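Residue numbers (this note's numbering), protein chains in the order written: chain A, 1 to 505; chain B, 1001 to 1089. Ideal placement from N, C-alpha and C gives every residue a C-beta, glycine not left out. This one's a predicted model, so the numbers in the text were calculated from it and none came from an experiment. Presented below is the structure to which this report refers.
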Amino acid sequence: MNAIKKMSLRDRYRVLTRDLDWAPSYQPENKIFPDMAFEGIKITNWEGFNDPFRLTMDAYWKYQAEKERKLYAVLDSFAQNNAQMGITDARYITALKLFLQGISPCEYMAHRGFAHAGRQMRNAGLRVAAQMQALDELRHVQTQVHTISHFNKHFNGMHSFRQMHDRVWYLSVPKSFFDDAFSAGPFEFMVAIGFSFEYVLTNLLFVPFMSGAAFNGDLATVTFGFSAQSDEARHMTLGLEAIKFMLEQHEDNVPIVQHWIDKWFWRGYRLLGLVATMMDYMLPKKIMSWKEAWDIYFNDAGGALFKDLARYGIRMPKFADVADKEVDRVSTELWTALYSYSHATAFHTWIPEEAELEWLAKSYGPEWEKRYRPRFDFWKQREAEGKRFFNPTLPQLCQVCQIPMVFTEPDDPSKIAFRESTYNGEHYHFCSDGCKNIFDHEPEKYVQAWLPAHQIYQGNFGGATMPEVLNWYGIVPGQDNGDYRGSEDEKTWLHWAAMRNRVAD
Amino acid sequence: MSNASITLYNNDETRGLIAAIQKDNPAAKTNVYPGYVKIDCDKRLVINRDSVEAEIGRTWDVNEIHLAVISLAGHVDEDDDYFIIHWNH
């Protein structure tokens, strides 16, 4: 008998990945891979890249198809059973709205980014892994849009998420984050998204939030979330191998990579402030506080990671200590800002219910209670008087993260943090040392930032009045924006609850 | 302490995998959350194909981990018979 032995995982991977590569002879390499030199990263041996998962393309398709089958079975079942009626409370949908408007379009940018960065890499293993990731990201945006489209049949604010992503003020925060990464070179992109975002921070986006979806009765979202996150394990491993590769290739790469880690940690951390508000304020049933999630996924997991990278001369990201100092207030500072500007958001905000305020006080301690409780009480009183507070002026935005300047001094939570730089005679404003540090390193890039507040004043947002701006955003006043109480979403929800009670009687 | 860590779906299909990990890593701590489990083990966490197969009663390809995993922390070493997550320092 002449049986052919099944190839081992290593051999199969080698044959189907690295063996498909060849040395070009018609054109010089620098013409085929033109973006490899300008960032200053030195690669002495492209073969030194260590493959992350030994996943071949055929196995990739097989497992991805399996994931899709499982996901779509759940989505069908969710729709058939009207499971949108089984969520804890319609306020929960706010998290989905923000996710669809803010995050899903970023998945698409990640798709483009990995297709582009992967194309530039002179190593077949890296290229194949980047190609898989590009396909994953496309899958993520598609499944997210598909999943959330079911909620769009019943709730407001999701009808033109793509237009909103490009135009609405608070969505310039995630949009500018990815535009920044996408317009960087391929190595910086790998550090920005592959390492800093995927490895260091993405767990904070997907794991507690999706667990929160499970806890709040949203089976569809938890399934797309974990389905997406199951690709994330591969992405994280690619990010880590890519960064180790750069660090091992040449010692001159170390300071460049360290600056990118510092920069993208801070950019990502600021972006995740929106996730902090999801966890602490938008989920009616809480899973864990932002502080607990930060401890598990940044302090513990990130701590182990940076201890491991210390042998390359890499240290913890600069300003990680500031993130630690802000941990008990960042969600509240952002939520109160969103509450104040809710006439211009495509989702609803509200004052937390009494039990939720108690949960916040318990999670964040007496300092939180002392500092923020009076503000909520005051706003509640105004609301009872029919004078729900909306801030009519436009906020000053940070030139880098584009978030309104609502953050406070790391060591004094009663004082707004304010930083400034002058470049070519113009003044630029920042919310933090982290954002100022990023600007000062690349002012030519960030002076071009498209800041919504400035654009409104320049007349580029459809007109000078609020109705004109909202119309340009695609936000329908009285339907998509404002307080949750009295909204169409609330009416829908109360109607469903009344139906349930009638049947129960 | 540097935890090598794996986060898995918590469902019927991953039950055998979780049990195998717990058997092969007696020092590991299993944290259960809604929808998922996070298993942490100091420095090194091992998944053996044999142990998984013994739990689930069928052959198991190490690549099938892609259908069960939600996240991980550590370097990955993967071969026909094992899947290891570890920190080097």
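Beta carbon proximity, residue i to chain B, threshold 8 angstroms
i	result
A/Val-207	yes
A/Ile-287	yes
A/Ala-304	yes
A/Met-190	no
A/Asn-203	yes
A/Ala-59	yes
A/Phe-245	no
A/Val-200	no
A/Val-400	no
Within-8 angstroms CB hit, residue i to chain A
i	result
B/Trp-1060	no
B/Pro-1034	yes
B/Asn-1088	yes
B/Tyr-1009	yes
Closer than 8 angstroms at the beta carbon, the chain B residues around residue i
i	result
A/Glu-232	Ile-1070, Ser-1071
A/Glu-66	Leu-1067
A/Leu-240	His-1075
A/Phe-226	Tyr-1009, Gly-1035, Tyr-1036, Ile-1070
A/Val-141	Result: empty, since nearest Cβ-Cβ is about 19 angstroms, beyond 8 angstroms.
Minimum C-alpha distance to residue i - residue among the options
i	options	result
A/Glu-420	A/Cys-435, A/Tyr-72, A/Trp-496	A/Cys-435
A/Leu-126	A/Lys-70, A/Gly-239, A/Gly-86	A/Gly-239
A/Pro-34	A/Ser-363, A/Asp-328, A/Ile-296, A/Gly-118	A/Gly-118
A/Arg-112	A/Asp-179, A/Glu-490, A/Phe-378	A/Asp-179
B/Glu-1078	A/Phe-389, A/Glu-68, A/Arg-69, A/Asn-50	A/Asn-50
A/Ser-340	A/Arg-329, A/Leu-394, A/Arg-12, A/Ala-310	A/Leu-394
A/Lys-491	A/Thr-143, A/Asn-45, A/Asn-156	A/Asn-156
A/Gln-133	A/Arg-500, A/Asn-81, A/Glu-198, A/Val-503	A/Glu-198
A/Ala-344	A/Ala-417, A/Ile-256, A/Asp-483, A/Ala-79	A/Asp-483
A/Phe-53	A/Val-322, A/Thr-237, A/Lys-362	A/Thr-237
A/Ser-432	A/Arg-270, A/Gly-86, A/Pro-366	A/Arg-270
A/Leu-16	A/Val-128, A/Ser-342, A/Lys-291, A/Glu-358	A/Val-128
A/Gly-303	A/Lys-291, A/Trp-493, A/Phe-245, A/Val-200	A/Val-200
A/Thr-408	A/Met-466, A/Asn-481, A/Arg-329, A/Val-469	A/Arg-329
A/Gln-142	A/Lys-175, A/Phe-151, A/Leu-100	A/Leu-100
B/Ala-1019	B/His-1066, B/Val-1052, B/Cys-1041	B/Val-1052
A/Tyr-13	A/Arg-167, A/Phe-38, A/Ala-59	A/Ala-59
CB of residue i within 8 angstroms of CB of residue j, strictly
i	j	result
A/Phe-209	A/Met-278	yes
A/Gln-402	A/Tyr-428	no
B/Gly-1016	B/Glu-1064	no
B/Pro-1026	A/Ile-287	no
A/Tyr-297	A/Asn-424	no
A/Asn-471	A/Gly-462	yes
B/Tyr-1082	B/Asn-1048	yes
A/Leu-305	B/Ala-1073	yes
B/Asn-1010	B/Val-1046	no
A/Asp-89	A/Pro-284	yes
A/Thr-44	A/Gln-258	no
A/Val-254	A/Trp-290	no
Cross-chain neighbours of residue i in chain B, by beta carbon under 9 angstroms
i	result
A/Tyr-63	Asn-1063, Glu-1064, His-1066, Leu-1067
A/Ser-211	Tyr-1033, Pro-1034, Gly-1035, Tyr-1036
A/Ala-214	Tyr-1033, Pro-1034, Gly-1035, Tyr-1036
A/Arg-311	Asn-1088, His-1089
A/Gln-258	Within chain B, no residue comes near A/Gln-258; the closest Cβ sits about 18 angstroms away, beyond 9 angstroms.
A/Phe-182	What A/Phe-182 touches in chain B: nothing, since even the nearest Cβ is about 24 angstroms away.
Per-residue contacts from residue i into chain A (C-beta, under 8 angstroms)
i	result
B/Ser-1092	Look at the range of chain B in this structure, 1001 to 1089, and you will see that residue 1092 of chain B is not part of it.
Chain-ordered neighbours of residue i on chain A, where CB pairs are closer than 7 angstroms
i	result
B/Val-1076	Pro-52, Phe-53, Thr-237
B/Ser-972	Residue numbering for chain B in the displayed model covers 1001 to 1089; residue 972 of chain B lies beyond these limits and cannot be assessed.
Contact set between residue i and chain A, taken where Cβ atoms lie within less than 9 angstroms
i	result
B/Asp-1079	Ser-8, Leu-9, Arg-10, Arg-54
Partner residues on chain B for residue i, Cβ-Cβ distance less than 7 angstroms
i	result
A/Gln-163	Chain B residues near A/Gln-163: none, gap ~32 angstroms exceeds 7 angstroms.
A/Gln-229	Ile-1070, Ser-1071
A/Phe-265	The contacting residues do not exist; A/Phe-265 stays about 16 angstroms from chain B at best.
A/Asp-222	With the sequence shown as reference, residue 222 of chain A is identified as Val, and Asp is not the correct amino acid for it. The answer, in chain order, is Gly-1035.
Chain E contact residues for residue i, given Cβ-Cβ distances below 9 angstroms
i	result
A/Gln-133	Of the protein chains in this structure, namely A and B, none is chain E.
Proximity test, residue i beta-carbon vs the ligand MG heavy atom, cut-off 7 angstroms
i	result
A/Tyr-473	Ligands are entirely absent from the displayed structure, and the ligand MG is therefore not among its contents.
Counting only runs that start and end within the region 26 to 105 of chain A, where is the alpha helix (DSSP H) found for 4 or more residues in a row?
29 to 32, 57 to 80, 93 to 98
If you scan the region 1028 to 1074 of chain B from start to end, which runs of the beta strand (DSSP E) of 3 or more residues do you find wholly inside it?
1029 to 1033, 1036 to 1042, 1044 to 1048, 1069 to 1073
What runs of the alpha helix (DSSP H), each 4 residues or longer, lie entirely inside the region 136 to 193 of chain A?
161 to 167, 172 to 182, 186 to 189
Counting only runs that start and end within the region 241 to 303 of chain A, where is the beta strand (DSSP E) found for 3 or more residues in a row?
none
Runs of 3 residues minimum, wholly inside the region 382 to 441 of chain A: which ones carry the beta strand (DSSP E) assignment?
412 to 416, 419 to 423, 426 to 430
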